[in-house]
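**Q** Residue numbers (the numbering used here), protein chains in the order written: chain A, 360 to 1340; chain B, 360 to 1340.
For every residue, glycine included, the Cβ atom is placed at its ideal position computed from N, Cα and C.
These numbers come from a predicted model, not from an experiment.
Before anything else, here's the structure in question.
Protein chains: 2
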Amino acid sequence: MDIKAHSQHLTYTDWTVSETHLAPERFNSRETTFTIGNGYLGTRGSFEEGYSRALPATLIHGVYDEVPIVYTELANCPDWLPLVVIVDGDRFRLERGEILSYERQLDVQRGVLSRKVRWRSPSGITIDIVFERFASIADQHVLGLRCQVTPVDSESAIEVQASINGYPENQGFNHWELLDQGKTEHGVWLNLRTRSSRIQLGMATGIKLSGAEASLQVTNPPGYPTLTASFLASPGQTVTVEKLVTVFTSLECENPVEVACEKLAQLPEYSSLLDAHVQAWDEVWQKSDIVIEGDVTAQLAVRYNLFQLLICAPRNNDRVSIPAKTLSGFGYRGHIFWDTEIFILPFFIYTQPELARNMLTYRYHTLPGARRKAVHYGYKGAMYAWESAETGDEVTPRWLPPNDFYGEDIRIWCRDREIHISADVAYATWFYWQATGDDEWMRDCGAEIILDTAIFWSSRVEYNTKYERYEIREVIGADEYHEFVHNNAFTNRMVQWHLEKALYIYDWLGNNFPEKLNELDQKLNLSSGRRSRWNDIIANIWIPYDESTGLIEQFEGFFQLQDINLEEYEPRTKSMQAILGIEEGNKRQVLKQPDVLMLLYLMRQSQEFPYSQKTLEKNWDYYAPRTDISYGSSLGPAIHAILASDLGKTAEAYERFMQAALVDLEDVRGNAADGIHGASAGGVWQAVVLGFGGIQIGNDEPVAHPHLPHGWRRLKFNFLWRGKWHAFDLRPQEDMETRRHADMEISLPASSSESPNIRGFIFDLDGVLTDTAEYHYLAWQKLADEEGLLFNREANEGLRGVSRRESLLRIVGDKHYPEEKLQEMMDRKNQYYVDSIQNISPKDLLPGVLTLLDELRQAGIKIALGSASKNARPVVEKLGIANRIDAIADGYSVQRPKPAPDLFLYAANQLGLEPAQCVVVEDAEAGIEAALAAGMWTVGLGPASRVGEAHVILPNLADTDWTKLRAKLNDAAAQQQKARV
Amino acid sequence: MDIKAHSQHLTYTDWTVSETHLAPERFNSRETTFTIGNGYLGTRGSFEEGYSRALPATLIHGVYDEVPIVYTELANCPDWLPLVVIVDGDRFRLERGEILSYERQLDVQRGVLSRKVRWRSPSGITIDIVFERFASIADQHVLGLRCQVTPVDSESAIEVQASINGYPENQGFNHWELLDQGKTEHGVWLNLRTRSSRIQLGMATGIKLSGAEASLQVTNPPGYPTLTASFLASPGQTVTVEKLVTVFTSLECENPVEVACEKLAQLPEYSSLLDAHVQAWDEVWQKSDIVIEGDVTAQLAVRYNLFQLLICAPRNNDRVSIPAKTLSGFGYRGHIFWDTEIFILPFFIYTQPELARNMLTYRYHTLPGARRKAVHYGYKGAMYAWESAETGDEVTPRWLPPNDFYGEDIRIWCRDREIHISADVAYATWFYWQATGDDEWMRDCGAEIILDTAIFWSSRVEYNTKYERYEIREVIGADEYHEFVHNNAFTNRMVQWHLEKALYIYDWLGNNFPEKLNELDQKLNLSSGRRSRWNDIIANIWIPYDESTGLIEQFEGFFQLQDINLEEYEPRTKSMQAILGIEEGNKRQVLKQPDVLMLLYLMRQSQEFPYSQKTLEKNWDYYAPRTDISYGSSLGPAIHAILASDLGKTAEAYERFMQAALVDLEDVRGNAADGIHGASAGGVWQAVVLGFGGIQIGNDEPVAHPHLPHGWRRLKFNFLWRGKWHAFDLRPQEDMETRRHADMEISLPASSSESPNIRGFIFDLDGVLTDTAEYHYLAWQKLADEEGLLFNREANEGLRGVSRRESLLRIVGDKHYPEEKLQEMMDRKNQYYVDSIQNISPKDLLPGVLTLLDELRQAGIKIALGSASKNARPVVEKLGIANRIDAIADGYSVQRPKPAPDLFLYAANQLGLEPAQCVVVEDAEAGIEAALAAGMWTVGLGPASRVGEAHVILPNLADTDWTKLRAKLNDAAAQQQKARV
């Protein structure tokens, strides 16, 4: 715990986040940051003494009540925090007197929030005040708050007032009617009821004082029962006030206030309750923790995000789910979005599947609401609400009222058009089942979800007779900047996928649970006509995908929209929609969040259409630069992190990952005050485990394809698959082989004490065996001349290692071209290059290559080509060395480019060798990185500044041979061994 | 005070309304009923002990804060009422233990609300508890609350908790941030600030206990400062707790909480404060009271309505005005409508003009908001907000959000279309000036209001080149059931009137305050072009008025709408809009409130176009039956009461009047819980003074044309005109002469001790000089035959004295005809009658008439005809007596029919005689009534059952002469004199 990271007045250790300075401008966002909870309720990190600017909130799952415009919201429940300390008549408040020291700390391991303040009162009394609170995860109806006061320099008359505030508010609105209040021998109680939904809530509290003789007194002003303790304390004398609170609602018992009072009467000591709570947290973390070594910010941030998810996941209730802002703020009013199914659920599915099941069962229980929505819109089956609450009816607001007297109301169209939610729910349902094998739940709940939403889709699609295809018109896709689009690729493909799964489930039910199928048949009318229609839609729904380019058009006509260069708007602190306005945003190729890329991400898990490394690459290049990843949707960064990681864009992947991981800790988007970004937190888990850890399911087992960010020395986590825990413990030096789990024996070159046993060589092509730089130059020059652009050899030098797109952008300079034009120019240049390499011949082999190849072959060493080029195979042919090469790994072989190890691992596999038996010869930094990541020996050609990480560095292959190389490799191995000892 | 009226558990005396039984279903409406206030704030009549169903509210003028949808609302201020009595541990609550007796009473004379309860606690202790409260009108920042407890049968340990509740709410929404709280030696205080408007409020309270030894204790839980007194009381021992509260806001001082604490420290005793308060009320009532004798319900109801207006009229603030629901509830959110200018202001203009000026100056201060609204809608000048709050910007909500998930939002169009408000403000401005002669205010404020709104109108009208006229299209008129109409007669005529007055004011300013005119010229650009346009609009704006019929079409095309018979919907308990829906209501000839009739009412005061007795009659007959007077707008009944009274429809007038007067006392419309119906209360004053009292301005002095409802023995009130008080004391037996004021010397025939000095005779026509009954019968018979309706001479007997319309309705019986058809039949019958009287000749003179006429003429006595018939003149011609008649008063002469005295007064005036010099000869009850009301001598022809009130009763004129008649009249005068002595 020595390692700390500091940022914006926050200090991170592996398990804690601390604030040592209260920044007024972060007052409300820090209330979100320091939220605690226990799966039953969440309580924002507001201060016990109360401030007018504060937004205290205790939100209980399912306690919804009506409100205008947004229909219903989680009602802020009575505040159990109020605890006022009065020192010689001076009320303790941070803005009064003087703060001599201050620390607020959230310990996510123990689920405890504490605050230590040394305060000098306006009268000059110095006192230490320590607060500690927890919402028991061991007993969800119990809340504990402790306050310890210690006068520092003089005896003080101290009064502590502990209350329940029966006037909680949702941004001013108080949902509660006060029914009754009173006292018992153990404390005071309050009985309230929500205005419209008429949910009753009982809360009781008692205090216990130790360390001094005190007089205790009860006052019961309406709605504000208060227990007051008055005592004298000498310097150094610590007096402890423990406030225990119990809370129940009529959602879980008949007479909540009675139950709360009974519970209060039976509670053990504060310390026992805390012990049980910490013990329970330990059990939770054993399953869900992720260990990261080498990056304390990432370590804490990841645990923090998981903590925030763990405290809002319903543990004993399958009629609620996690709202977009969890139980930590008023944003989105406690409504439930696709955020839960697509972004949050994977964490639970793979580490706490019983919680995932609770949340998916919520979708089962809310099918009636989804059916009412379908009826309202004139469709069949179940149409899930874009925003859902207690009943599943649609609660997305229709209007965003203007702030000024004459402003226009803004119509929000999501309730009507953002229909992909129904497929998203089916998606989560399917993968929960895949991961858990929970056939019983699929039979009882999941099947009905998937089938009745499939029925909705077949009533929602339209047949276009002109093009003889199914279409889905007038939707909003994943990207919400475009509000009225036809044939959104994301939606159409998700629907197709959904119907495929529906047919599968139908058959599965028939084979395994024919009675259940019969029941659903009766209930939903799953006629063969209906199923044949599903098949027809699957076959004929239009996905705007261009096979020739691999590019997917986000929706019909997207490419015709005005293009945009987001860099031109930098620096900015608000979303592109805020800058452009809704109308203008609709007209441009700017995305709020991944849409085509989101589709590729969702299809990545099962590697289904249209997912492929090629389409990913192609569409990433097109869509990533057009996505408002900084201020668009907070759902974007984690997904981009994973895809960038797949594409070997390590730095970008890490940047996006941290953008997601710190969104609430550091208020990256400026809206943390509204509550935790739940989807982003879920995305963080996916980015670490599925992205950096590279977990994929191979042969019905999770397999890691790790790709750790720079500096991460270790990544350790558990992954539950079909009832079996798989513990992954990944380290960068092990980042070389596809593994299934950590307890498998792996031979590492670096840990071997013997000389390397070299059995194969993998050569990069360009710059190693030949040099096609001249051909690239000539191709660019030709293009530049045709377009009248300035270009020459000197300029060409700057393009080494630069991507095709970036090269072109540098050549065009300040000139602006529409994207189509850029695309066309890149294609043209490539064609020139491909044409020119027709002229390659054996004379283009670099010096020393042919000799070395022959030597190696004579030594029985296998030879492979490892090049990202898609032209590698013809070039090898033309160089006349095809007969000397045993295997080729090229631009078609793997998805992730160097520095991902994939290409070399592929090559080794082709050669039938272990990575540690291979030597990679490379001239580029990313190539050396990739080889090291693959766990291979490396020979770097060129300056140390470029290939310095290689085991052996040579200027080129001209003056070497196998004997010399072997000696150098042996030396390198020995040195490495020595360094380790 | 012996006389009491009972109704729905309320008991009325002349000055008090009492509740002796708490009906649960009236819980919230009674909170409205028992509202108190002082012109600075209003406090609903909620109970001190607090209930979950309660809607306590203290609303302070001008303390607005933002809220969604409706933009801004009066923020409910901290509740100063909480006072909890705990008897031997049992909290006093009405639903616990047993209520042995209960009375809640509002004394509107003293402005004091009290409650007496004898309660048996659950533990069996019986105690008397008496509460009393007032909001001091002598010192508006002081509130007093007293609680007296007296154990009845056993010594009790009693605790009284007096608090300020810092968590007030507007239907759940709490507008306040708690800034600070604390205690002083005099009590506790609370400092809060509104969330958005950032108005600070300081409230302080202290308690004083007498009658027992008590321990006092202060607790200060956040937002709920509480003072607790604990004591023992023996049976019969009365302990009094006096809670005094002070309140200030930053609208009137810089540091409100400091000022509140200082004020609290300096306050005298409760009893002194109460005395000063009662004294101040006495002064208010001296000006504004109305005395009614003979009808205790009306007496109390009128005083109650005036009380509710007096407690919400801003006394020391000219930047606020009276909201639609006063300061007594949450309805309409404290927004200000035309209700204030048109319905409420007359009461103040004529009894407390300085308060009227405050409210009109509010309109002056909000001109900038009205100008912003005009700019927003693309117009010039000042366009007043339909709903106005602190700035004058438009705050009418655009939408009525639906209650259910899939309901449609309802667009409210008033902000866009109900534009007559700008003319309404000008109307009130003009009449304030007329009544007060306050030239200074007109110069400084009023002129700018009238002129800048006139500028708005000239940008708002459209010129229709086809018809060569100005039009105003796309409006909502006074009648809100029609939301999109063109050329609403009310609006168009009000605009024309407004422009006339604007030109007048322009000239007046030029003549009297040329510098001010110059200033406004500069500021508003009052170019001659602009003024010439005003003249042009005045000349050419279209008023849909048919001169031939006298009927005004409510708007273009109204008569083409589907007709409706509201009786078919009876009995009903909701508005026609609620029954038909908005769309269907728009399509029908059904009115929410008077529109054409409203225009006639507004033009009645100055007898301007299109007002005339004839148009009133004609349009009343058409529109009154089509107006949803019971559940449409609460603005309607009082106006209908006045017009019905004008039309001699006494019973209907009284019914409408009581509908208005009891709307809140008896919750006639079921929405009293939302707050007092301010406009209705203002209408009640107008109905009594301008309607029943018949006050009109003649010769620059108010003159009464009284027409007291049946049973009223006295109507007494004051009326201020141009700085001079006019005291009216009207009684039915004096209801006979036009008077200016009570202290004026009037020679009454009844009070003369001498023989009457008869100088003129006024003869009714039909039944006195001739008998046209036969002609009427023949005309009806012809119509009935043509229509196949049963009718005969016997049936005709039932039509004596019955109006044409009512006669027709009796003939048609159960059959339903559209209004047009009825109208046509009435016209046809009249034509038959007119045709038939062509045959009248001198032989149709009744016996004795010609002789008497000749005698009278020989005696130098003038002769007039006084007949309501519009055919009187031709009939007189045909009877051959035209040369014997000096003057004719007929159906064209005056507005109000008999029994109004107008016609005979008109005739006397034509003869140049005083009423007491005239004898009226009549054969109808209403005619005798009218003559007596005119202060004339009367000769009744017919049975005493019909004309028994006359001074002289004769079967007919056959057997009399002038000598005999004079003798009888002298006898009658002598008897009358004797009866008085």
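#1: Taking C-alpha atoms, which residue in B/GLY546, B/GLY483, B/GLU528 lies nearest to B/SER515?
#2: Could you give the distance in angstroms between the alpha-carbon of B/ARG802 and the alpha-carbon of B/PHE872?
#3: For the segment 754-765 of chain A against the segment 729-743 of chain A, are there 3 or more C-beta pairs whose distance is under 8 Å?
#4: May I have a chain-ordered list of the alpha helix (DSSP H) segments no shorter than 4 residues that lie completely inside the segment 1272-1320 of chain B?
#5: Chain B partners of A/GLU528, CB-CB under 7 Å?
#6: Closer than 8 Å, Cβ to any Cβ of chain A: which residues of the segment 581-598 of chain B, in chain order?
#7: Below 9 Å on C-beta distance, what does B/GLN793 contact in chain A?
#8: Give me the subset of the segment 545-563 of chain A whose CB atoms are less than 9 Å from a CB atom of chain B, sorted by chain position.
#9: Does the count of Cβ pairs from the segment 1122-1142 of chain A and the segment 1199-1212 of chain A closer than 8 Å reach three?
#10: Alpha carbon to alpha carbon, what distance is there between A/VAL834 and A/ASN1414?
#11: When we look at the beta-carbon of A/ILE808 and count the other beta-carbons within 10 Å, is it buried (16 or more) or exposed?
#12: Let me confirm a value: A/SER887 is counted as buried when at least 16 other C-beta atoms fall within 10 Å, else exposed. Which label applies?
#13: Can you check whether the C-beta of B/TYR371 is within less than 8 Å of a C-beta belonging to chain A?
#14: To the nearest angstrom, report how far apart A/MET962 and A/LEU719 are at their CA atoms.
#15: Quick one: what does DSSP say B/PRO615 is sitting in, helix, strand or coil?
#16: Along chain A, which residues have their Cβ under 8 Å away from the Cβ of B/TYR430?
#17: Taking the runs of the alpha helix (DSSP H) that are 4 residues or longer, which of them lie wholly in the segment 787-843 of chain A?
#18: When DSSP labels each residue in this structure, what does A/HIS1085 get in the three-state scheme?
#19: May I ask which residues mark the beginning and end of the alpha helix (DSSP H) holding B/ILE1170?
#20: Using the beta-carbon of each residue, which ones in chain A are nearer than 8 Å to B/SER522?
#21: Thinking C-alpha only, which one of B/VAL577, B/GLU749, B/PRO756, B/ILE896 is nearest A/GLU518?
#22: Starting from B/LEU538, find everything on chain A with Cβ-Cβ shorter than 7 Å and list it in chain order.
#23: Looking at the C-beta of A/ARG722, does it have a partner C-beta in chain B at a distance below 8 Å?
#24: For A/PRO441, report the span of its alpha helix (DSSP H) as first-last.
#25: Compute the Euclidean distance between the alpha carbons of B/ASP1318 and B/ASP1213, then round it to the nearest angstrom.
#26: For a test of the three-state rule: what should DSSP assign to A/ASP768, helix, strand or coil?
#27: Specify the secondary structure class of A/SER1110 as computed by DSSP and reduced to three states.
#28: Which class does A/GLY401 belong to by DSSP, given the choice of helix, strand or coil?
#29: Enumerate in chain order the residues of its own chain whose CB-to-CB distance from B/ILE941 is below 8 Å, with the five nearest sequence positions on each side excluded.
#30: Thinking B/VAL606 and B/HIS500 are a contact (beta carbons under 8 Å), I'd like their distance in whole angstroms, please.
#31: What does the alpha-carbon distance come out to for the pair B/LYS1327 and B/ALA1290?
**A** On the basis of the data shown:
#1: Looking up residue 515 of chain B in the second sequence gives position 156. Among B/GLY546, B/GLY483, B/GLU528, the Cα nearest to that of B/SER515 is on B/GLY483.
#2: As a working mapping, residue 802 of chain B is identified with position 443 in the second sequence. As a working mapping, residue 872 of chain B is identified with position 513 in the second sequence. In a straight line, the C-alpha of B/ARG802 is about 7 Å away from that of B/PHE872.
#3: no
#4: 1284-1292, 1303-1306
#5: Taking the first sequence and counting its residues from 1, the one referred to as residue 528 of chain A is at position 169. Those within 7 Å of A/GLU528 in chain B are ASN533.
#6: Taking 8 Å as the upper bound on Cβ-Cβ separation, chain A lies near residues PRO581, GLY582, TYR583, THR585, THR587 of the segment 581-598 of chain B.
#7: On the second sequence, position 434 is the one that residue 793 of chain B refers to. Going along chain A, no residue has its Cβ under 9 Å from B/GLN793, so there is no contact; the nearest lies around 33 Å.
#8: Listed by position along the chain: LEU551, ARG552, ARG554.
#9: yes
#10: Outside the modelled stretch of chain A, which goes from 360 to 1340, sits residue 1414 of chain A, for which no answer is possible.
#11: Indexing the first sequence from 1 puts residue 808 of chain A at position 449. Buried, because 16 or more other Cβ atoms sit within 10 Å of the Cβ of A/ILE808.
#12: The residue labelled residue 887 of chain A in the question sits at position 528 within the first sequence. So A/SER887 ends up on the exposed side.
#13: In the second sequence, residue 371 of chain B corresponds to position 12, counting from 1. Chain A contact via Cβ: absent.
#14: Residue mapping note: residue 962 of chain A aligns to position 603 of the first sequence, counting from 1. Residue mapping note: residue 719 of chain A aligns to position 360 of the first sequence, counting from 1. Their Cα atoms are separated by approximately 20 Å.
#15: As a first step, residue 615 of chain B must be located in the second sequence, where it is residue number 256. DSSP places B/PRO615 in helix when its eight states are reduced to three.
#16: Numbered from its first residue, the second sequence carries residue 430 of chain B at position 71. Those within 8 Å of B/TYR430 in chain A are PHE764.
#17: 806-819
#18: Within the first sequence, numbered from 1, the residue matching residue 1085 of chain A stands at position 726. Here A/HIS1085 sits in strand by DSSP.
#19: The sequence position of residue 1170 of chain B within the second sequence is 811, counting from 1. That run of the alpha helix (DSSP H) goes 1163-1171.
#20: Position 163 of the second sequence, counted from the start, is the residue given in the question as residue 522 of chain B. PRO580, PRO581, listed in chain order.
#21: Counted from its first residue, the first sequence places residue 518 of chain A at position 159. With distances taken between Cα atoms, A/GLU518 lies closest to B/VAL577.
#22: Sequence index remark: in the second sequence, residue 538 of chain B carries index 179 (1-based). What B/LEU538 touches in chain A: SER411.
#23: Numbered from 1 along the first sequence, position 363 holds the residue referred to as residue 722 of chain A. Using a CB distance cut-off of 8 Å, A/ARG722 does not count as an interface residue toward chain B.
#24: Here residue 441 of chain A refers to the residue found at position 82 when the first sequence is read from its first residue. Unbroken run through A/PRO441: none, as it is neither H nor E.
#25: As a first step, residue 1318 of chain B is located in the second sequence; it is residue number 959 there, counting from the start. As a first step, residue 1213 of chain B is located in the second sequence; it is residue number 854 there, counting from the start. When rounded, the distance between both Cα atoms is 15 Å.
#26: Working through the first sequence from its first residue, we reach residue 768 of chain A at position 409. In the three-state DSSP reduction, A/ASP768 falls in the coil class, being neither helix nor strand.
#27: On the first sequence, residue 1110 of chain A is found 751 positions in, with the first residue counted as 1. Legend: pLDDT at A/SER1110 = 36, less than 50; position of this residue unreliable, value from coordinates given subsequently. Note: A/SER1110 maps to coil in three-state DSSP.
#28: Residue numbering aside, residue 401 of chain A sits at position 42 when the first sequence is read from its first letter. A/GLY401 falls in the strand class under three-state DSSP.
#29: Sequence index remark: in the second sequence, residue 941 of chain B carries index 582 (1-based). The answer, listed in chain order, is ILE769, GLU842.
#30: What you label residue 606 of chain B is simply residue 247 of the second sequence in a count that begins at 1. What you label residue 500 of chain B is simply residue 141 of the second sequence in a count that begins at 1. Contact flag correct, Cβ pair sits at about 6 Å.
#31: Working through the second sequence from its first residue, we reach residue 1327 of chain B at position 968. Working through the second sequence from its first residue, we reach residue 1290 of chain B at position 931. Their backbone Cα atoms lie some 17 Å apart in a straight line.
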